[in-house]
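Here the structure is laid out as structure tokens; the discussion comes afterwards.
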Amino acid sequence: MSVDLASRPETFVIKGRKVVGGRAEGEALVTTDTISGWGGINERDGSIIERLHELHGQSFADKVLIFPGAKGSSGWSAFFHMTRLNGVAPKAMIFNRMTTKIALGAVVTRVPAMTECDTDPIETIRTGDWVVVDADAGIITVTRRSES
């Protein structure tokens, strides 16, 4: 089901399930592509290095990363753990598909993480929107970026 983004108010709330608690806010970085940890990201600068990924060359460092889920091997969590150690982890993660690899990755990254949202965050949040993730309360508050 497609959502008319233009019909969304300037600020709206999405409810979801906490994976890792905490509160963080920042600019959204949204992708419809799953993310591979091992071979898909550069853990030194937080950039997507997978050649065919729609975010190739972009960094999720200090952003709220919104994506469908993880793909690839169990090395996923190790690479996201290294982004935390290198200071280039996302501020928060919101994803659609829960797997053991993404759950472990969220835990070792130590950022607020949410899933099972009442509205598909990939369809309703745009890159550049300001997102407040309050995982403990199960609430994501989204403020549209200005189009100017």
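This note's numbering applies: residue 1208 is where the sequence shown begins, and numbers increase by one. Every residue, glycine too, gets a C-beta built ideally from N, C-alpha and C.
Pick from the options that is closest to residue i, judged by C-alpha positions
| i | options | result |
| --- | --- | --- |
| Lys-1225 | Ile-1329, Pro-1319, Asp-1325 | Pro-1319 |
| Pro-1237 | Ala-1299, Glu-1217, Glu-1250, Arg-1251 | Before going on, a small fix: residue 1237 reads as Val here, not Pro. Cα-wise, what sits closest to Val-1237 is Ala-1299. |
| Pro-1275 | Glu-1330, Leu-1311, Arg-1352, Val-1227 | Glu-1330 |
| Ala-1235 | Ile-1347, Arg-1351, Asp-1336 | Asp-1336 |
| Asp-1325 | His-1263, Phe-1302, Ser-1284 | Phe-1302 |
| Asp-1269 | Ile-1256, Thr-1239, Val-1295 | Val-1295 |
Boundaries (first-last residue) of the alpha helix (DSSP H) holding residue i
| i | result |
| --- | --- |
| Val-1314 | 1307–1316 |
| Phe-1287 | 1282–1292 |
Unbroken beta strand (DSSP E) run spanning residue i, endpoints
| i | result |
| --- | --- |
| Leu-1259 | Unbroken run through Leu-1259: none, as it is neither H nor E. |
| Ile-1332 | That residue, Ile-1332, is in no beta strand (DSSP E); it is neither H nor E in DSSP. |
| Glu-1234 | 1230–1237 |
| Ala-1296 | Careful: Ala-1296 lies outside any beta strand (DSSP E) and carries neither H nor E. |
| Lys-1222 | 1218–1222 |
| Ala-1320 | 1320–1322 |
| Thr-1348 | 1346–1350 |
Distance between beta carbons of residue j and residue i, contact taken as under 8 Å
| i | j | result |
| --- | --- | --- |
| Gly-1233 | Val-1349 | No, Gly-1233 and Val-1349 are not in contact; Cβ-Cβ is about 12 Å, not under 8 Å. |
Span separating the alpha-carbon of residue i from that of residue j
| i | j | result |
| --- | --- | --- |
| Gln-1265 | Val-1220 | 26 Å |
| Gly-1246 | Asp-1327 | 27 Å |
| Thr-1241 | Ala-1277 | 5 Å |
| Asp-1343 | Arg-1230 | 7 Å |
| Pro-1297 | Arg-1251 | 13 Å |
| Asp-1341 | Arg-1258 | 33 Å |
| Gly-1345 | Lys-1222 | 6 Å |
| Glu-1261 | Glu-1217 | 26 Å |
| Asn-1293 | Thr-1306 | 24 Å |
| Ile-1256 | Thr-1239 | 16 Å |
| Ala-1313 | His-1263 | 21 Å |
Beta-carbon proximity check, residue i vs residue j, cutoff 9 Å
| i | j | result |
| --- | --- | --- |
| Ser-1254 | Phe-1267 | yes |
| Arg-1291 | Arg-1333 | no |
| Val-1271 | His-1288 | no |
| Lys-1308 | Gly-1228 | no |
| Ile-1248 | Phe-1286 | yes |
| Thr-1322 | Arg-1304 | yes |
| Leu-1311 | Ser-1284 | yes |
Min CB distance residue i to chain B below 9 Å
| i | result |
| --- | --- |
| Ser-1266 | No chain B appears in this structure, which consists of one protein chain only. |
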